[in-house]
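In our numbering, the protein residues as written are 667 to 1231.
All residues carry an ideal CB built from backbone N, CA and C; glycine is no exception.
Shown next as structure tokens:
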């Protein structure tokens, strides 16, 4: 016996396909195209390049026969630096003629263009900067009709949506009736429940978002080997590039240390006796200032000796005797000066020889008085003389200071004899030998490099630090000072022509050394490289780069972050 509810179920199966048009974005008919037209569906962003310039032409979507703003971004092809054009002209041919001129600065230029009619356009872009002209081809400009926005209803889609809604309601009603009828029959109770659940499942599948399609598991973010970055962002991040080529390269080992005076290139002057420091007279140079240059044999200061307590008794007796001698010397000076005064009276009665003898007698009497005064005072003065020519270091000695014997007064350093004592890892010190060459840089003098010669390749290794001390001799230079920290790159191999890359271009990602290569005006590639030896700020590249590649040397870590590396 056939159950009475079978015909409704057959009807339900017939109506079920009518529900399929209810999927959103999955089969709708949008009807005829709209009348509006734009420059391609999303506008145009055309990367252009020549041997000297990278350019990007940006045309946003706009209706036909309407003037629209256009932008032109220009950068130096070798460095990536923004380029300010002196002139820029765009000329397009197609269904009609179109042209635009651009002006601006800082690599960003703007203009206005009008495409009169729909169709395909092509032409050229003429750029002039710093007296150099570049001609770039422009293609792919299309002014075409555009569909209305996805999901926008029209007459046909509205009718189909109404049919789908009615079919859904009928489906629900029949499902309820079938379930109720079958449920009353004991034999079909289970079948009725299964029918209701199955139909409910079918209904749910039809109202899933975007037509019920399976979107799969959520996408996972993986590091990208290529990266697109608009030129505006490149300018903002300050990205810069250099071209790499094969060039002479000498492998070198890094050594860290400091400048020091060579043996015989410095002297420390100490007080020979206890006393008071005084400056020499100004005609002899006065008090030398720190940093000033002094000559070998130059008197730097005087020390007036202060006698010790043991010598004071003997000095008392000497002073009494010196007082008598001082009185006699002063009397002799007065007599000599009185006799010399007679020269104006006697006039021509005296010969030239006699006049000279009287004048000498006065000078001798004056010297005797000064010596007698020194002895009467019980003091003596000692001179402090520079043993070599060089520059004075700041010291603690000042005129008027009391010093003891052995106190440091001055330190003189010759700026023509400086060494660098650099610590080199013992694993790298093997090829370093006396007579080798090196290059020394100092943080205190950025941008300068000083040639040096290896005096000693290191006698023994320090087990605590695992380093060998290498001694280098620097060429004379007045800007160098002992004590300055220094970085030395000591040559360890022969010169070869190899591809090199600056250290600023290299980044590390999960143990892999990477460089970012600019492959287009707005395209970059994260490329693994095999590095060899290093010399200063330059790496030898064994694999991963080709001559002429443009590698990023500024903004590399920003690219690394954007690429998920």
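{"Asked": "List the endpoints of the continuous beta strand (DSSP E) containing residue 787.", "Found": "785-795"}
{"Asked": "For residue 1032, which residues of its own chain have a beta-carbon under 8 Å away from its beta-carbon, when the five flanking residues on both sides are left out?", "Found": "999"}
{"Asked": "Quick one: using the 10 Å Cβ neighbour count with 16 as the cut-off for buried, is residue 1201 buried or exposed?", "Found": "buried"}
{"Asked": "Using the Cβ count rule (16 or more neighbours within 10 Å means buried), how would you classify residue 1066?", "Found": "exposed"}
{"Asked": "With residue 1094 as the anchor, note down where its alpha helix (DSSP H) starts and where it stops.", "Found": "It is not in any alpha helix (DSSP H) - residue 1094 carries neither H nor E in the DSSP assignment."}
{"Asked": "Per DSSP, which residues does residue 725 bridge with? Please list them.", "Found": "710"}
{"Asked": "Under DSSP, the beta strand (DSSP E) around residue 933 begins and ends at which residues?", "Found": "932-936"}
{"Asked": "Between which two residues does the alpha helix (DSSP H) carrying residue 1224 extend?", "Found": "1222-1228"}
{"Asked": "Mind checking which residues open and close the alpha helix (DSSP H) that includes residue 898?", "Found": "897-903"}
{"Asked": "From residue 1141 to residue 1151, what distance separates their C-alpha atoms?", "Found": "16 Å"}
{"Asked": "My output table needs one value for residue 1231: the three-state DSSP class, helix, strand or coil.", "Found": "coil"}
{"Asked": "I'd like the list of long-range same chain contacts for residue 961, defined as Cβ closer than 7 Å, with 5 residues on each side in sequence excluded.", "Found": "1052 and 1055"}
{"Asked": "Distance, Cα to Cα, residue 1080 vs residue 1163?", "Found": "40 Å"}
{"Asked": "Can you round the beta-carbon distance between residue 931 and residue 1145 to whole angstroms, since I take them to be within the 8 Å contact cut?", "Found": "Not quite, the Cβ-Cβ distance comes to about 16 Å (not below 8 Å), so this is no contact."}
{"Asked": "Kindly indicate which three-state DSSP category residue 843 falls into: helix, strand or coil?", "Found": "Because residue 843 carries a pLDDT of 49, less than 50, the predicted location of this residue cannot be relied on, and the following value inherits that uncertainty. Note: residue 843 maps to helix in three-state DSSP."}
{"Asked": "Less than 7 Å between the beta carbons of residue 909 and residue 803, yes or no?", "Found": "no"}
{"Asked": "On the DSSP bridge list, what partners appear for residue 1163?", "Found": "914"}
{"Asked": "Pick helix, strand or coil for residue 1024, following the three-state DSSP scheme.", "Found": "helix"}
{"Asked": "Nearest CA to the CA of residue 1225: which residue from 1215, 1210, 1173 and 1211?", "Found": "1173"}
{"Asked": "Roughly how far, in whole angstroms, is the beta-carbon of residue 897 from the beta-carbon of residue 722, given that I think they are within contact range, below 8 Å?", "Found": "5 Å"}
{"Asked": "May I ask you to verify whether the segment 769-781 touches the segment 929-943, counting CB pairs closer than 8 Å and requiring at least 3?", "Found": "no"}
{"Asked": "Mark residue 1177 as exposed unless 16 or more other C-beta atoms lie within 10 angstroms of its C-beta, in which case mark it buried.", "Found": "exposed"}
{"Asked": "Please state the DSSP three-state secondary structure of residue 800.", "Found": "strand"}
{"Asked": "For residue 1222, tell me which candidate among 1230, 1171, 1206 and 1197 has the shortest Cα-Cα distance.", "Found": "1171"}
{"Asked": "In chain order, what residues of the same chain have a beta carbon less than 7 Å from the beta carbon of residue 794, not counting five sequence neighbours either side?", "Found": "751, 752 and 753"}
{"Asked": "Helix, strand or coil, according to DSSP, for residue 1217 in the structure here?", "Found": "strand"}
{"Asked": "Which residues does DSSP pair with residue 1174 in a beta bridge?", "Found": "1179"}
{"Asked": "Report back the beta-carbon spacing between residue 1166 and residue 1207 to the nearest angstrom; my notes put them in contact at under 8 Å.", "Found": "6 Å"}
{"Asked": "Look at residue 773 and residue 749 and say whether their C-beta atoms are less than 7 Å apart.", "Found": "yes"}
{"Asked": "Between the Cα of residue 799 and the Cα atoms of 760, 767 and 716, which residue gives the shortest distance?", "Found": "716"}
{"Asked": "Is residue 920 helix, strand or coil by DSSP?", "Found": "strand"}
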